[in-house]
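Mapping the sequence shown onto the numbering used here, position 17 (from 1) lands on 1364, and the numbers just tick up by one. Where is the CB? At the ideal position from N, CA and C, for every residue including glycine. Keep in mind that this is a model prediction, so the values were computed, not measured. A short write-up of the structure that comes next.
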Amino acid sequence: MSIFRRPDYKSDTTQFIDQLKAQKPELEAGQHAGRALLWDKNVDRSAWSEFRAGQVPQQPYVYQTRGK
């Protein structure tokens, strides 16, 4: 280790989070469970491709009505 190297900086927020995780070790498992509940979903690829195929292209100017 170099004699000129400074100790690693940790902000107050990082220190607070590290302290909170040390006090409550189940906190991170709860975060992972919440993420799995809301975000980590299996995607049905066939339904998604049907959805994409059924989309209608948007007009260049959305508010203009089509003339007859």
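- Here R1399 carries a helix assignment [DSSP, helix/strand/coil].
- A direct Cα-Cα distance of roughly 15 Å separates Q1378 from Q1370.
- V1390 and Q1402 have their C-alpha atoms spaced approximately 18 Å apart.
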